[in-house]
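Undergrad: Once you've had a glance at the structure underneath, I'll fire off some questions.
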Amino acid sequence: MVEKRNQLNHLAIIMDGNGRWATKQGKPRVAGHYEGMNNVERITLAADQLGIKVLSLYAFSTENWARPKEEVAYLMNLPVRFFDHFMPTLMENNVKVNIMGYLDELPHKTYDVVQRAMAETAQNTGLILNFAFNYGSRREITTAVKEIGTLIETGQLTSDQITEELISDRLMTAGFKEFRDPDLLIRTSGEQRISNFMLWQLAYSELAFSSKNWPDFTKEDLQEFVSDFQNRHRRFGKLDETDS
Ligand code: IPE
Ligand code: IPE
Ligand code: MG
Numbered sequence: 032m033v034e035k036r037n038q039l040n041h042l043a044i045i046m047d048g049n050g051r052w053a054t055k056q057g058k059p060r061v062a063g064h065y066e067g068m069n070n071v072e073r074i075t076l077a078a079d080q081l082g083i084k085v086l087s088l089y090a091f092s093t094e095n096w097a098r099p100k101e102e103v104a105y106l107m108n109l110p111v112r113f114f115d116h117f118m119p120t121l122m123e124n125n126v127k128v129n130i131m132g133y134l135d136e137l138p139h140k141t142y143d144v145v146q147r148a149m150a151e152t153a154q155n156t157g158l159i160l161n162f163a164f165n166y167g168s169r170r171e172i173t174t175a176v177k178e179i180g181t182l183i184e185t186g187q188l189t190s191d192q193i194t195e196e197l198i199s200d201r202l203m204t205a206g207f208k209e210f211r212d213p214d215l216l217i218r219t220s221g222e223q224r225i226s227n228f229m230l231w232q233l234a235y236s237e238l239a240f241s242s243k244n245w246p247d248f249t250k251e252d253l254q255e256f257v258s259d260f261q262n263r264h265r266r267f268g269k270l271d272e273t274d275s
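Number 192 in my numbering belongs to position 161 of the sequence shown; there are no gaps in the numbering.
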């Protein structure tokens with residue numbers, strides 16, 4: 032019997048370990064963020080070549096504001112550097128940029144650059160490059176619950192009309208439609224936790240962990256994780272012929 036290989040439409044990555052990468056080399060932590068940014072470019076192109084439809088990258092969490100002021104400032108400036116440098120390649124490759132997170136809390140310059148990146152690539156029809164920036168999943172769910180509460184208060188909805196679909200539709204991934212839930216989540220740096228990333232959307236995602244820090248994670252590593260994923264047995268709670 033030929034085993035059915037899983038289709039990888041939505042890949043999510045928790046890009047962790049930039050600071051440790053830098054410290055190991057005797058460099059300041061921000062040098063790791065710079066190298067991490069360069070790796071985003073490499074991995075985006077590799078993901079595109081693998082036929083992935085949505086690549087979600089966790090770049091800054093709602094909890095990361097608690098880091099030292101200088102590090103936060105550096106991270107807030109990375110989108111400016113990234114899009115300045117990478118926009119022509121994104122256009123050439125038909126990549127559509129999306130940024131999910133609480134964007135109106137970003138510094139003006141960062142806000143402007145991410146809005147511009149989304150506007151300039153809005154007509155592209157290839158890979159969706161989705162950055163989670165000032166994103167936190169509990170807050171995302173809380174926002175959705177509040178919105179639903181308002182709809183009920185104003186008589187536009189009744190509580191028995193609340194469905195899983197309705198909740199999914201209120202999350203920041205709603206625009207990805209049938210691809211809104213990641214098929215595979217990879218976290219680098221050896222940590223094995225979710226850190227407030229896509230809690231709802233990851234319900235049936237396959238999870239994979241790399242011991243490499245993000246700047247060291249290569250295209251070949253990605254290919255290995257993807258082929259491992261393709262051969263996994265995803266059950267979604269059911270049984271099938273291979274279980275008997
Ligand atoms: C991931 O690397 C990037 C962000 C969270 C912004 P870290 O900065 O968390 O690196 P480590 O985990 O401290 O090594
Ligand atoms: C998760 O990494 C957030 C990002 C990669 C942007 P953290 O380094 O912030 O997570 P914890 O603190 O180790 O859980
Ligand atoms: Mg970390």
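All residues carry an ideal CB built from backbone N, CA and C; glycine is no exception.
1. If you follow the alpha helix (DSSP H) that E72 is part of, which residue opens it and which one closes it?
2. With a cut-off of 8 Å on the beta carbons, I'd call I45 and K250 a contact; round off their distance for me.
3. Buried or exposed, going by whether 16 or more other CB atoms sit within 10 Å of the CB of K35?
4. Return yes when the Cβ of R211 is within less than 8 Å of the Cβ of S199, no when it is not.
5. Does the Cβ of T120 have 16 or more other Cβ atoms within 10 Å, making it buried, or fewer, making it exposed?
6. In terms of residues, what are the limits of the beta strand (DSSP E) holding V128?
7. Determine which residues share a DSSP beta bridge with I44 and list them.
8. Are the CB atoms of N165 and Y133 nearer to each other than 8 Å?
9. Around the Cβ of G258, are there at least 16 other Cβ atoms within 10 angstroms (buried) or fewer (exposed)?
10. If you run the structure through DSSP and keep just helix, strand and coil, what is A163?
11. Is it right to say M68 is buried, meaning 16 or more other beta carbons lie within 10 angstroms of its own, or is it exposed?
12. Nearest by alpha-carbon distance to E151: which of L197, G50, D115 and K177 is it?
13. Checking 8 Å against the spacing of the C-beta atoms, do P213 and Q232 come in under that value?
14. Please name the residue or residues paired with G237 in a DSSP beta bridge.
15. Which residue wins for smallest C-alpha separation from N244, given the options A43, N40, K55 and Q38?
16. At a threshold of 7 Å, does I45 count as lining ligand 2 (C-beta to nearest heavy atom)?
17. Which parts of the region 147–209 are runs of the beta strand (DSSP E), unbroken and 3 residues or longer, counting only runs that do not cross its ends?
18. Starting from the Cα of E94, find the closest Cα among G167, N262 and L270 and give me that residue.
19. Where does L270 fall in DSSP's three states?
20. Express the C-alpha separation of R266 and V61 in angstroms, rounding to a whole number.
21. When every heavy atom of ligand 2 is checked, does at least one fall within less than 7 Å of the C-beta of N95?
22. Grab the span of the alpha helix (DSSP H) containing E101 for me, first residue to last.
23. Measuring only from the beta carbon, is E136 closer than 7 Å to any heavy atom that is part of ligand 2?
24. Return the CA-CA distance between N262 and K58, expressed in angstroms with no decimal places.
TA: Working from what's here:
1. Note, E72: alpha helix (DSSP H), R60 to Q80.
2. Actually they are not in contact, since the Cβ atoms of I45 and K250 sit about 18 Å apart, beyond 8 Å.
3. Around the CB of K35, fewer than 16 other CB atoms lie within 10 Å, so the residue is classed as exposed.
4. yes
5. exposed
6. K127 to M131
7. Residue pairing from DSSP places I44 in a beta bridge opposite L88 and I217.
8. Going by C-beta atoms, N165 is nearer than 8 Å to Y133.
9. Per the sequence shown, residue 258 should be read as Ser rather than Gly. Classification for S258: exposed.
10. strand
11. buried
12. Put simply, of L197, G50, D115 and K177 the residue whose alpha carbon is nearest the alpha carbon of E151 is D115.
13. yes
14. It should be pointed out that residue 237 corresponds to Glu in this sequence rather than to Gly. According to DSSP, which records beta bridges pairwise, E237 is partnered with L215.
15. The candidate whose alpha carbon is nearest that of N244 is K55.
16. yes
17. 159–166
18. G167
19. It is coil, neither helix nor strand.
20. 41 Å
21. Yes.
22. K100 to E123
23. no
24. 39 Å
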